[in-house]
């Protein structure tokens, strides 16, 4: 998979795949990053999307942010992947 780009101007993480552009829009407040929207081409595989989200979360973890998923697809990713629950701020249950 290609390298993830943090487009700070558009406030989104992005990666280009064979099928198109995958993006996760975000907003930063204090030491929290709110993942507000996940955009993917319709024909993109779920596996590629899961891999992209995992890599974004690893990048966020390196920057020592807490993650607040607000987009339904992001919330469902956290439900399926319990290993990322440590990134949630105190008081957020998914």
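Residue numbers (the working numbering): 51 to 144. Heads up, the beta-carbon is just placed ideally off N, CA and C, and yes, glycines get one too. Here the structure is a predicted model, which is why all the values come from computation and not from measurement.
Collapsing the DSSP output to three states places residue 115 in coil. Here the alpha carbons of residue 54 and residue 110 stand approximately 12 Å from one another. In the DSSP annotation of this structure, the continuous segment of the beta strand (DSSP E) that includes residue 55 starts and ends at 55-57. By the neighbour-count definition (other C-beta atoms within 10 Å, threshold 16), residue 62 is a buried residue. Membership of residue 87 in any alpha helix (DSSP H) is not indicated; the residue belongs instead to the beta strand (DSSP E) covering 82-89.
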